[in-house]
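Undergrad:
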Amino acid sequence: MREKIRLSDLSVLYVCLSEEWGTIERRCLADAGYFRNIGGASFILCHEKSLVDQEAAKEDIPRLHFGTDLCTWRSKLNFYFQIQHILQKQQVDIIHSYNQESLLPLGMILKGMPEIPMVFTFNESFPWKKRHFWDRWFISRTDSILTFSPNIRDLAIEAFPVSQRKILVTGAGIDFPVKITRSKHPENKKRIMTFIPRTQDDLGNLRLFVDAIAPLLHSLETQNFNQKVIFTFLTDVSWYNHPIYDGLKRMILERHLEMHISFETRPLESKSFEDCDIFVGLPMKELFSDLDLYALVTQTPVLLPRTSTRQQIVKQGKFGETYHPDDGRELKDKTMKILLNYDNYVEELTGVELELHELHHFERYAETLYAHYEKLYTQRLRYSQKQKTLAS
């Protein structure tokens, strides 16, 4: 009888070469932390002093550092030799990557190491089918592609040269509120909240949102809307350290909106969205954002930039609305629509957290991920043992 594999005996190398701090970077850190907490060995390959590096240090997760990006063949070659050195020096049973740039050099290495499975979490669209034959061949070494939603799985099937059965939907793995308290929302006030990433260093996509505030307030006044509207800019670091704070504050003062604006710092968790009445998402490169879910699981209507994934999230206007990311008038009109029909949206959202729990709860995500790790490692182990037997 074959001995059962124990995950606590395995070691996973998490590869996240990013300077950002978005859904995919938070997912990498959470995956490494979860695996460490069940007794496995996890360490992260990242850029030194990146936000991934800094946050991993706070969690006491071991890190290895790679100095440059992977935009040139020279840097990819350096990455190739560093990964080779890591695999020779340390026991690595599974590699889990979060950046598409690393798939090519990793695939080149692992073509000669059949015992190590490679997992990739996909959350950004890339046209792999237009790549050179050799690129596609090395990328096909990927054992599994994990996605956050069925819609993104469909995109991955179109983009990557791997079998459909290797592309899975795992959900986002976020925390859920213990109890939702709608009484925190005063009847005489509505809070419209948007989140500003700590790495955002320009006012480009914020200008559209800020410019829509004054027309919105005027339109609400003509409709005799008698509730005070507060616009909250939320981030997860001190605003005084945020790169756009001075510019954003100046923009608000120039438009005489200071009486309607608040700046707040809160951790990225579902509890931080409980006193939000409408969450407005800003345009971003990510196909899927965990911020959208944090709002929805607290029964908060959302207004999101229009993409196929986000249209699926709002259920065609059931849980909120979408807007064109370059259309300030539509942003204003859709915000007004939600405010004027607020009770209908909240009623539709009643119990939505139970529906989302089935796919996106972190315990369900962790069970799926670890079962998949075990399956892939076992398959690769059997394959490599079979190859050795045939060669002897």
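Here this note's numbering is used: the first residue of the sequence shown is 1442, the next is one more, and so on. C-beta: ideal position from N, C-alpha, C; glycine also.
(1) As a quick exercise: from Met1634, Pro1766, Gly1688, Phe1561, pick the residue whose alpha carbon is nearest that of Asp1643.
(2) Using a Cβ-Cβ cut-off of 8 Å (strictly less than) and excluding sequence neighbours within five positions of Trp1462, which residues of its own chain qualify?
(3) Tyr1539 by DSSP, collapsed to three states: which one?
(4) Got a sec: is the Cβ-Cβ distance from Tyr1735 to anything in chain C below 7 Å?
(5) Pull up the DSSP beta-bridge partners for Tyr1455, would you.
(6) Counting only the same chain and skipping the five closest in sequence on each side, list residues whose C-beta sits under 8 Å from that of Gly1481.
(7) Excluding sequence positions up to five away, which residues of its chain have a Cβ less than 6 Å from the Cβ of Pro1724?
(8) In or out: Arg1582 buried (at least 16 other Cβ within 10 Å) or exposed?
(9) Let me know the beta strand (DSSP E) ranges lying completely inside the region 1493-1535, each 3 residues or longer, listed in chain order.
(10) Reducing DSSP to helix, strand and coil, say where Met1559 ends up.
(11) Does the contact criterion of 3 or more C-beta pairs under 8 Å hold for the region 1598-1612 versus the region 1805-1817?
(12) So what's Arg1443 in DSSP terms, helix, strand or just coil?
(13) Quick check: what's the CA-CA separation for Pro1684 versus Arg1707?
(14) Contact check, Ile1446 vs Tyr1818 under 8 Å by CB: the rounded distance?
(15) Mapping the DSSP letters down to three states, classify Glu1762 as helix, strand or coil.
(16) Our contact map puts Leu1505 next to Leu1528 with C-beta atoms below 8 Å; I'd like the distance itself, whole angstroms only.
(17) CB Pro1546 to CB Phe1522, shorter than 7 Å?
(18) How many angstroms separate the CA atom of Met1554 from the CA atom of Arg1823?
(19) With a 10 Å radius around its C-beta and 16 neighbouring C-beta atoms as the bar for buried, classify Arg1770 as buried or exposed.
(20) Does the distance from the C-beta atom of Thr1748 to that of Cys1717 stay below 7 Å?
(21) Could you name the residues of the same chain whose beta carbon sits closer than 7 Å to that of Lys1607, not counting the 5 residues immediately before and after it, in chain order?
(22) Quick one: measure Cβ to Cβ for Leu1732 and Tyr1764, integer angstroms, because I've assumed they're closer than 8 Å.
(23) Please classify Ile1439: is it buried, with 16 or more other beta-carbons within 10 angstroms of its beta-carbon, or exposed?
(24) Can you tell me where the alpha helix (DSSP H) holding Leu1737 begins and where it ends?
(25) Can you give me the start and stop residues for the beta strand (DSSP E) that Val1678 sits inside?
(26) When burial is assigned at 16 or more other CB atoms within 10 Å of the CB, is Asp1784 buried or exposed?
(27) What are the residues that DSSP puts in a beta bridge with Lys1631?
(28) Quick one: Cα of Lys1490 to Cα of Tyr1475, how far?
(29) Are Glu1705 and Thr1673 close, meaning C-beta to C-beta below 7 Å?
(30) Output the residue ranges of the alpha helix (DSSP H) runs that lie fully inside the region 1766-1797 and measure 4 residues or longer, sorted by chain position.
(31) Would you report the Cα separation of Ala1471 and Asp1534, rounded to the nearest angstrom?
(32) Considering only C-alpha positions, which residue in the set Pro1558, Asp1677, His1697 is nearest to Pro1656?
(33) Can you tell me which residues form a DSSP beta bridge with His1802?
(34) Alpha carbon to alpha carbon, how far is Thr1663 from Lys1778?
(35) Give every residue of the same chain whose Cβ lies closer than 8 Å to the Cβ of Glu1815, excluding the five residues on either side of it in the sequence, and list them in chain order.
(36) Looking at the ligand MN, does it come within less than 6 Å of Leu1675, judged from the CB to the closest heavy atom?
TA: Looking at the atomic coordinates:
(1) Counting from one through the sequence shown, the residue named residue 1643 turns up at place 202. Considering only alpha carbons, the answer is Gly1688.
(2) Reading the sequence shown from its first residue, position 21 is the one you call residue 1462. Here the set comprises Leu1492, Val1493, Glu1496, Pro1638, Arg1639, Thr1640.
(3) Numbered from 1 along the sequence shown, position 98 holds the residue referred to as residue 1539. Note: Tyr1539 maps to coil in three-state DSSP.
(4) The displayed structure is made up of one protein chain only, and chain C is not part of it.
(5) Start at 1 with the first residue of the sequence shown, and residue 1455 comes out as number 14. BP columns for Tyr1455 point to Ile1485, His1537.
(6) On the sequence shown, position 40 is the one that residue 1481 refers to. Cβ within range, chain order: Leu1448, Ser1449, Asp1450, Leu1451, Ser1452, Val1453.
(7) If you number the sequence shown from 1, residue 1724 lands on position 283. If we look at Pro1724 and ignore the five residues flanking it on each side, its Cβ neighbours are Asn1646, Pro1746, Pro1766.
(8) As a position in the sequence shown, residue 1582 is number 141, starting the count at 1. That one is buried.
(9) 1504-1506
(10) Locating residue 1559 in the sequence shown gives position 118, where the first residue counts as 1. Note: Met1559 maps to strand in three-state DSSP.
(11) yes
(12) Taking the first residue of the sequence shown as 1, we reach residue 1443 at position 2. Below a pLDDT of 50, predicted positions are generally treated as unreliable, and Arg1443, at 47, falls in that range; no measurement from the model is reported.
(13) As a working mapping, residue 1684 is identified with position 243 in the sequence shown. As a working mapping, residue 1707 is identified with position 266 in the sequence shown. Answer to the nearest angstrom: the Cα atoms are 17 Å apart.
(14) In the sequence shown, residue 1446 corresponds to position 5, counting from 1. In the sequence shown, residue 1818 corresponds to position 377, counting from 1. Contact holds; Cβ gap of about 6 Å.
(15) Position 321 of the sequence shown, counted from the start, is the residue given in the question as residue 1762. Here Glu1762 sits in strand by DSSP.
(16) Here residue 1505 corresponds to residue number 64 of the sequence shown, with the count starting at 1. Here residue 1528 corresponds to residue number 87 of the sequence shown, with the count starting at 1. With 8 Å as the limit, Leu1505 and Leu1528 do not qualify as a contact, their Cβ atoms being about 11 Å apart.
(17) In the sequence shown, residue 1546 corresponds to position 105, counting from 1. In the sequence shown, residue 1522 corresponds to position 81, counting from 1. Not in contact: Pro1546 and Phe1522 (Cβ atoms no closer than 7 Å).
(18) Indexing the sequence shown from 1 puts residue 1554 at position 113. Indexing the sequence shown from 1 puts residue 1823 at position 382. Roughly 13 Å separates the two Cα atoms.
(19) Sequence index remark: in the sequence shown, residue 1770 carries index 329 (1-based). With fewer than 16 Cβ atoms within 10 Å of its Cβ, Arg1770 is classed as exposed.
(20) Along the sequence shown, read from residue 1 onward, the residue named residue 1748 stands at position 307. Along the sequence shown, read from residue 1 onward, the residue named residue 1717 stands at position 276. No; because the gap between Cβ atoms is not below 7 Å, this pair is not in contact.
(21) Sequence index remark: in the sequence shown, residue 1607 carries index 166 (1-based). Taken in chain order, the residues that qualify are Asp1584, Ser1585, Ile1586.
(22) The count along the sequence shown starts at 1 and reaches residue 1732 at position 291. The count along the sequence shown starts at 1 and reaches residue 1764 at position 323. In fact, because the Cβ distance is near 16 Å, the residues do not count as touching under 8 Å.
(23) Outside the shown range of the chain (1442 to 1833) lies residue 1439, about which nothing can therefore be said.
(24) Stepping through the sequence shown from its first residue, residue 1737 is reached at position 296. Leu1737 -> alpha helix (DSSP H) spans 1731-1737.
(25) What you label residue 1678 is simply residue 237 of the sequence shown in a count that begins at 1. That residue, Val1678, is in no beta strand (DSSP E); it is neither H nor E in DSSP.
(26) The residue you call residue 1784 lines up with position 343 of the sequence shown. Counting Cβ neighbours within 10 Å, Asp1784 comes out exposed, since fewer than 16 surround it.
(27) Numbered from 1 along the sequence shown, position 190 holds the residue referred to as residue 1631. Answer is Val1670.
(28) As a position in the sequence shown, residue 1490 is number 49, starting the count at 1. As a position in the sequence shown, residue 1475 is number 34, starting the count at 1. Going by the C-alpha atoms only, they are around 22 Å apart.
(29) Within the sequence shown, numbered from 1, the residue matching residue 1705 stands at position 264. Within the sequence shown, numbered from 1, the residue matching residue 1673 stands at position 232. Result yes, Cβ atoms of Glu1705 and Thr1673 sit closer than 7 Å.
(30) 1769-1781, 1783-1790
(31) To locate residue 1471, count along the sequence shown from 1; it is residue 30. To locate residue 1534, count along the sequence shown from 1; it is residue 93. The alpha-carbon atoms of Ala1471 and Asp1534 are separated by roughly 19 Å.
(32) In the sequence shown, the residue the question calls residue 1656 occupies position 215. Nearest C-alpha to Pro1656: His1697.
(33) Translated into the one-based positions of the sequence shown, residue 1802 becomes position 361. The partner list for His1802 (beta bridge, DSSP) reads Ile1615.
(34) The sequence position of residue 1663 within the sequence shown is 222, counting from 1. The sequence position of residue 1778 within the sequence shown is 337, counting from 1. Approximately 14 Å between the Cα atoms of the pair.
(35) Counted from its first residue, the sequence shown places residue 1815 at position 374. Excluding residues within five positions, the ones whose Cβ falls inside 8 Å are Ile1446, Leu1448.
(36) As far as ligands go, the structure on display features none, and thus does not contain the ligand MN.
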